[in-house]
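Number of protein chains: 2
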Amino acid sequence: MIVVKVGGSAGIDLDRVCADIAALWQGGERLVLVHGGSHLTNQVAEALGHPPRFVTSVSGFTSRRTDRRTLEIFEMVYCGQVNKGIVERLQARGVNALGLSGLDGRLLEGPRKDALRIVENGRRLVLRDDYTGKVEKVNTALLNLLLDHGYLPVVSPPALSYAGEAINVDGDRAAAAIATALGARALVILSNVPGLLRSFPDESSLIRHIPKDRVEEAMAFAEGRMRMKVLGAAEAVAAGVGRVIFADGRVEGPVRRALAGEGTVVC
Amino acid sequence: MIVVKVGGSAGIDLDRVCADIAALWQGGERLVLVHGGSHLTNQVAEALGHPPRFVTSVSGFTSRRTDRRTLEIFEMVYCGQVNKGIVERLQARGVNALGLSGLDGRLLEGPRKDALRIVENGRRLVLRDDYTGKVEKVNTALLNLLLDHGYLPVVSPPALSYAGEAINVDGDRAAAAIATALGARALVILSNVPGLLRSFPDESSLIRHIPKDRVEEAMAFAEGRMRMKVLGAAEAVAAGVGRVIFADGRVEGPVRRALAGEGTVVC
């Protein structure tokens, strides 16, 4: 069982990712694909006159400001254009893919943050109309039901709050929660860099290996969204996932190259 | 087993539809919900600078001109905003809804029209870059698998062509194909009028009953998109669906009112 997360940054080659996923699936690998859509969401939000905003929490994490209109645009892009684009690519390659958001069948559930504490221009603010939260529960029965019947699940945020609201959750941490819940032997996280870089954006400074007891140190090198990825990796490995591999989603055969050890391996 | 189709026209009250569906579901009714999204698709297509176009086939049916960019916008609205909006409404009411497009798990399959023969300004034209088709096969095993495990399927176009491409298909005829494949006792088609009107748009001219051997005559009263609805009803009743009811999606308790005989009943 492996879980693959493909990010939504510019440069990631979904055709190559899907071709590789199809080859693994047809070779008998049990697999769940999780995806993002952040870059396209930014473009569509701009085009629809509701430009993206990002906020920084008091603990230093950056996240998308998700008011109700942003949530709609987020769903249009993640659950509509990107999810169905991936499902179509896999179906065209003979894989019986089936797309789900975290809302569907209560696949991904968790609490909505009732107050988001942020820092803006050095001042602390509290946002109460934000639809953001985190994944605490994964409906593994649904994923196993689909896998057992030959369907490859293609999973996207948002998740569902315990009150039944859609909530924006970080895709990498959602993938980590899924990998943990399914007891995956590997979680592959593809983005538009070769892995975790000691001196971002210098790709020759790739960190090849992080032992699981030194993940906290690696956080020192992580910038921006990569911090969330490293945090997700730490959680997943601590909870029993065999390996987490940060790898390049722009290359030919990206998943098999990651499984062969290319990228940053946390284990 | 009943199939409910809720249209995507302006005026339809999705909160009332979802509250009614939740009551039926929680009362033990086996149910599949199919939805549209045409009005919102038009708005989003305008906002994104790719305004909607409609074409009329040589046989007199009007359909959306679906080039590749339109298909993407269509998926954003149908599979993203509308489908997840309905799933969220049902989840908030305690129903374990699960949204699917026709692509997912090859739920709805059929041929893509390799050439769309249309009439424009009195001239005949052939379009070869249109992603339009029709539903010939329904994956009833998938629907029954989900229903048997407590999930309410919420289904949206597009469908999947036999070559693995997304294709725009008429939602009413897709609903009719699903009702037929599942042997539903009723297919309820909700729109923003009380049913089939003898003198459109005069709502007092509602036709209350159409015997199945006189559906062809009723086509004479059908205008625009209603022609597609009547055609779908004829197909479904001929193929064994108990009743097709065209009813008002703007009112309180719209599905139960339709099942009680309000609207136009074809049987």
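So the sequences go chain by chain: A and B. Read in order, the letters of the first sequence are residues 1 to 267 in my numbering. Read in order, the letters of the second sequence are residues 268 to 534 in my numbering. From the three backbone atoms N, C-alpha and C, an ideal C-beta is built for every residue, glycine too.
Those residues which DSSP pairs with Phe109(A) across a bridge: Going by the sequence as given, residue 109(A) is Glu instead of Phe. Glu109(A) pairs with Lys137(A), Leu160(A).
Neighbouring residues, chain A, relative to Ala314(B) (Cβ below 8 Å): Ala47, Leu48, Gly49
Straight-line gap, Val497(B) to Glu484(B) (C-alpha atoms, nearest Å): 10 Å
Interface residues of the region 368 to 394 of chain B facing chain A [CB-CB below 7 Å]: Ser368, Leu370, Asp371, Gly372, Arg373
Buried or exposed by the 16-neighbour rule on C-beta atoms within 10 Å, applied to Ser466(B): Around the beta-carbon of Ser466(B), fewer than 16 other beta-carbon atoms lie within 10 Å, marking it exposed.
C-beta neighbour in chain A for Glu355(B), strict 8 Å: yes
Residue interval of the beta strand (DSSP E) (run including Phe321(B)): 321 to 324
Interface residues of chain A facing Glu432(B) [CB-CB closer than 9 Å]: What Glu432(B) touches in chain A: Glu88, Gln91, Ala92.
CB contact flag (Ala442(B), Lys272(B), <8 Å): yes
Test: Leu427(B) CB closer than 8 Å to a CB of chain A: The beta carbon of Leu427(B) falls within 8 Å of a beta carbon belonging to chain A, placing the residue at that interface.
Limits of the beta strand (DSSP E) - the one that Thr531(B) falls within: The continuous beta strand (DSSP E) containing Thr531(B) extends over residues 531 to 533.
Residue burial classification, Asp439(B) (beta-carbon count within 10 angstroms, cutoff 16): buried
Sub-8 Å separation of Arg243(A) and Val265(A) beta-carbons: Yes, they are a contact pair.
Chain B contact residues for Glu136(A), given Cβ-Cβ distances below 9 Å: Neighbours of Glu136(A) on chain B: none; closest Cβ ~16 Å, over 9 Å.
Whole-angstrom distance between Ile474(B) and Pro158(A), CA atom to CA atom: Rounded to the nearest angstrom, the two C-alpha atoms are 43 Å apart.
Residues that DSSP places opposite Gly366(B) in a beta bridge: Paired residue(s): Val421(B).
Rounded straight-line distance, which links the Cα of Val77(A) to that of Thr333(B): Our two residues, Thr333(B) and Val77(A), have alpha carbons roughly 19 Å apart in a direct line.
Under the three-state DSSP convention, the category Leu463(B) falls into: Shown here, Leu463(B) sits in coil according to DSSP, grouped into three states, outside any helix or strand.
Stretch-stretch touch, CB-based, cutoff 8 Å, three pairs: the region 303 to 311 of chain B with the region 268 to 282 of chain B: yes
Ordered list of beta strand (DSSP E) runs contained in the region 49 to 88 of chain A, each at least 3 residues: The qualifying runs are 54 to 57, 62 to 64.
According to DSSP, residues forming a beta bridge with Thr180(A): Paired residue(s): none; Thr180(A) is not in a bridge.
Leu146(A) to Leu367(B) span [Cα, whole Å]: 13 Å
The region 54 to 72 of chain A in contact with the region 127 to 138 of chain A per 3-pair CB rule at 8 Å: yes
Proximal residues of chain A, C-beta to C-beta of Tyr398(B) below 7 Å: Correct list: empty, because the minimum Cβ distance to chain A is about 11 Å.
Limits of the beta strand (DSSP E) - the one that Leu300(B) falls within: 298 to 302
Within chain A, the residues that Cys534(B) reaches when beta carbons sit closer than 9 Å: Neighbours of Cys534(B) on chain A: none; closest Cβ ~34 Å, over 9 Å.
Rounded straight-line distance, which links the Cα of Tyr418(B) to that of Val543(B): Chain B is shown from 268 up to 534; residue 543(B) falls before or after that span and cannot be answered.
Nearest residue (CA-CA) to Leu160(A), options Glu109(A), Thr140(A), Arg124(A): Glu109(A)
Strand pairing of Lys272(B), partner residues [DSSP]: Val301(B), Ile456(B)
Beta-carbon proximity of Gly80(A) to Gly347(B), cut-off 8 Å: Taking C-beta atoms as the reference points, Gly80(A) and Gly347(B) count as a pair closer than 8 Å.
Limits of the unbroken beta strand (DSSP E) element including Ala247(A): Per DSSP, Ala247(A) belongs to the beta strand (DSSP E) from 243 to 248.
Cβ-Cβ distance between Leu370(B) and Val169(A) below 8 Å: no
Distance cut-off 7 Å: Leu107(A) Cβ against heavy atoms of the ligand ATP: The model on display carries no ligand, and the ligand ATP is accordingly not part of it.
C-beta atoms of Glu470(B) and Pro461(B) nearer than 8 Å: yes
Validate contact between the region 405 to 412 of chain B and the region 379 to 395 of chain B using beta carbons, cut 8 Å, 3 pairs: no
Boundaries of the alpha helix (DSSP H) in which Arg523(B) is found, first to last residue: Taken as a continuous stretch (DSSP letters only), the alpha helix (DSSP H) holding Arg523(B) covers 521 to 526.
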